[in-house]
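The letter at position 102 of the sequence shown is residue 853 when you use my numbering, and the numbering goes up by one with no holes. Glycine included, each C-beta is placed from N, C-alpha and C at the ideal position.
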Amino acid sequence: MKRLEIQSSIGKSEIFVGETLTNVSKYLPKTGKIAIITDPVIHKLYGDKFPQADIVLEIPQGESNKCLQSLDVIFEQLIEAEFDRSSFILGIGGGIVCDMSGFIATIFMRGVQFGFVSTTLLGQVDASVGGKNGVNFRGIKNIIGTFNLPKFVICELEILKSLPQEELLSGMGEVVKYGAIYSESLFSYIESHIQEIKNFSLDVLENLVYESVVIKAKIVSQDARESGLRRIFNFGHTFGHAIEKITHLPHGCAVSVGMVYAAKLSVLKGKMKESDCARLITLLSNLGMPISCNVDGSELLKLMKSDKKREGNGVHFVYLTGIGACSVEKITYDELERVVNDLR
Ligand SMILES: NC(=O)c1ccc[n+]([C@@H]2O[C@H](COP(=O)([O-])OP(=O)(O)OC[C@H]3O[C@@H](n4cnc5c(N)ncnc54)[C@H](O)[C@@H]3O)[C@@H](O)[C@H]2O)c1
Ligand SMILES: [Zn+2]
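Dropping the structure here:
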């Protein structure tokens, strides 16, 4: 097991990579009520390993249930079970469960303590470790939310074995992203362990999750509220979010295609060598990730313009300047419009 810490302006979090769900009770407070928030799939698969709790609440699966309406019933049950300020909320599940249970814990009684057992690769390397919590509103993703760090995050690796293949690939999209923007050594580690990743080697997964979280923790510690440096995590996401909306690919798979477009744009603008761009495409393709998709250029642009990260007539765009290095610069939608068809 590996432990690391995030210390930032929005609080402190301990992350345990390789710890197990069966050990989680030792991280829970000894006094006060405990609520587990989970989803029906995780409850069914792993409910017998859950720690002792006063109440277990389910959030229905799927992005369409990540909304304010789903919170009603949770608050109702917490109040009915007489939860108070000293209570603790434990989210056990993927990114949706973690985003929602963190939000619930932050606003219930103006804030109670909370922790996560993160059960998807995407959750472990991204959703559960950055302090962003929230829900969607009228189709706009994560537009209502808070910044607040959980007391702890448990990343069990064995639990990832029951993940559907495309969910694992979705998480790998974010892992490749960390290597591409920040760590050539993580990137080459992935390149040299493709088969082990496909065979689900727990040692290799532990290294991938740990190295990803080290990068995330380092950046979040410096810029928790995404006013500068943290923007680098958006690599591949300007295109990726739009592609996700059009194609309904899992998030990290849409980001995979988005990274390819962003890398090609980096080459087009003379920021990155063509050979580095080819290296990224080869890695994604060796992992079995999508590297292109058949989407209409004007539809892609329309959706990119509606991105919530839009600023005026453009967006902060993350370019690769090599493998393991990036820069962020504003790009106008006019410029994106000129290049979008070439990139596809
Ligand atoms: N807060 C952040 O910084 C942040 C970052 C990235 C993504 N997110 C959010 O995360 C969400 C996506 O997260 P996700 O990809 O984990 O999706 P998810 O939570 O929907 O989980 C994917 C599916 O896998 C199932 N599942 C979870 N763990 C499993 C396991 N171990 N075995 C078998 N099935 C399992 C779930 O029931 C679900 O059906 C999105 O809502 C996104 O907005 C948040
Ligand atoms: Zn992402």
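Can you say whether residue i is buried or exposed, counting buried as having 16 or more other CB atoms within 10 angstroms of its CB?
{"i": "D1027", "result": "buried"}
{"i": "S1057", "result": "exposed"}
{"i": "V886", "result": "buried"}
{"i": "Q875", "result": "buried"}
{"i": "L808", "result": "buried"}
{"i": "A1029", "result": "exposed"}
{"i": "E1050", "result": "exposed"}
{"i": "G890", "result": "exposed"}
{"i": "D799", "result": "exposed"}
{"i": "D1085", "result": "exposed"}
{"i": "A931", "result": "buried"}
{"i": "D1093", "result": "exposed"}
{"i": "L959", "result": "buried"}
{"i": "S869", "result": "buried"}
{"i": "T773", "result": "exposed"}
{"i": "P1041", "result": "buried"}
{"i": "D877", "result": "buried"}
{"i": "K912", "result": "exposed"}
{"i": "N950", "result": "exposed"}
{"i": "L796", "result": "exposed"}
{"i": "T1083", "result": "exposed"}
{"i": "R982", "result": "buried"}
{"i": "N1064", "result": "exposed"}
{"i": "G862", "result": "exposed"}
{"i": "S759", "result": "buried"}
{"i": "L819", "result": "exposed"}
{"i": "A832", "result": "exposed"}
{"i": "K777", "result": "exposed"}
{"i": "R838", "result": "Residue identity check: residue 838 is Ser in the sequence provided, not Arg. It is buried - the Cβ of S838 has at least 16 other Cβ atoms within 10 Å."}
{"i": "T739", "result": "The displayed coordinates of the chain run from 752 to 1095. Any statement about residue 739 would go beyond what the structure contains."}
Let me check one thing: in DSSP terms, what residues is residue i bridge-paired to?
{"i": "Y1070", "result": "S1078"}
{"i": "E1062", "result": "G1065"}
{"i": "F854", "result": "In the DSSP output, where bridge partners are listed per residue, F854 has none listed."}
{"i": "I997", "result": "BP columns for I997 are empty, so no partner."}
{"i": "L822", "result": "DSSP output for L822 lists no bridge partner at all."}
{"i": "F839", "result": "I785, Q864"}
{"i": "Q758", "result": "K763"}
{"i": "T1083", "result": "G1065"}
{"i": "C906", "result": "V768, S869"}
{"i": "G885", "result": "G896"}
{"i": "E809", "result": "T789"}
{"i": "G844", "result": "S869"}
{"i": "I891", "result": "F888"}
{"i": "K753", "result": "V768"}
Assuming the contact rule is C-beta atoms closer than 8 Å, residue i and residue j should be a hit. Round their C-beta distance to whole Å, please.
{"i": "F898", "j": "G882", "result": "5 Å"}
{"i": "V1069", "j": "N985", "result": "5 Å"}
{"i": "G979", "j": "M1010", "result": "That belief does not hold up - the Cβ atoms of G979 and M1010 are roughly 21 Å apart, past 8 Å."}
{"i": "V768", "j": "E957", "result": "6 Å"}
{"i": "K928", "j": "V880", "result": "The Cβ separation is near 14 Å, so there is no contact."}
{"i": "L872", "j": "I785", "result": "Contact doesn't hold; Cβ gap of about 26 Å is too wide."}
{"i": "V971", "j": "I757", "result": "6 Å"}
{"i": "V1066", "j": "T989", "result": "6 Å"}
{"i": "I941", "j": "L1034", "result": "6 Å"}
{"i": "E1088", "j": "L1052", "result": "6 Å"}
Quick check: is the beta carbon of residue i nearer than 7 Å to any beta carbon in chain B?
{"i": "Y1084", "result": "Given the protein chain composition of this structure (a single chain), no chain B is represented."}
Cβ contact (3+ pairs, closer than 8 Å) linking the segment 962-978 and the segment 991-1009
no
Problem set entry | the segment 1001-1021 touching the segment 904-921, judged by at least three CB pairs closer than 8 Å | yes
message = Using 8 Å as the cut-off, can you tell me whether the segment 840-859 makes contact with the segment 1018-1025, which would need three or more C-beta pairs spanning the two stretches below that distance?
response = no
Lining residues of ligand 2 - beta-carbon closer than 6 Å to any non-hydrogen atom, in sequence order:
Those residues, listed in chain order, are D877, E925, H988, H1002, V1006.
_Does the contact criterion of 3 or more C-beta pairs under 8 Å hold for the segment 1023-1038 versus the segment 1069-1081?_
Judged by Cβ distances under 8 Å, the segment 1023-1038 makes contact with the segment 1069-1081, as three or more pairs qualify.
task = Evaluate the contact criterion for the segment 820-831 versus the segment 789-805: three or more CB pairs, one atom per stretch, below 8 Å.
result = In short, these stretches do not touch, since the Cβ pair count stays below three.
query = Is the number of C-beta pairs between the segment 761-770 and the segment 896-903 that are closer than 8 Å three or more?
reply = As far as the Cβ criterion goes, the segment 761-770 touches the segment 896-903, which means the pair count is three or higher.
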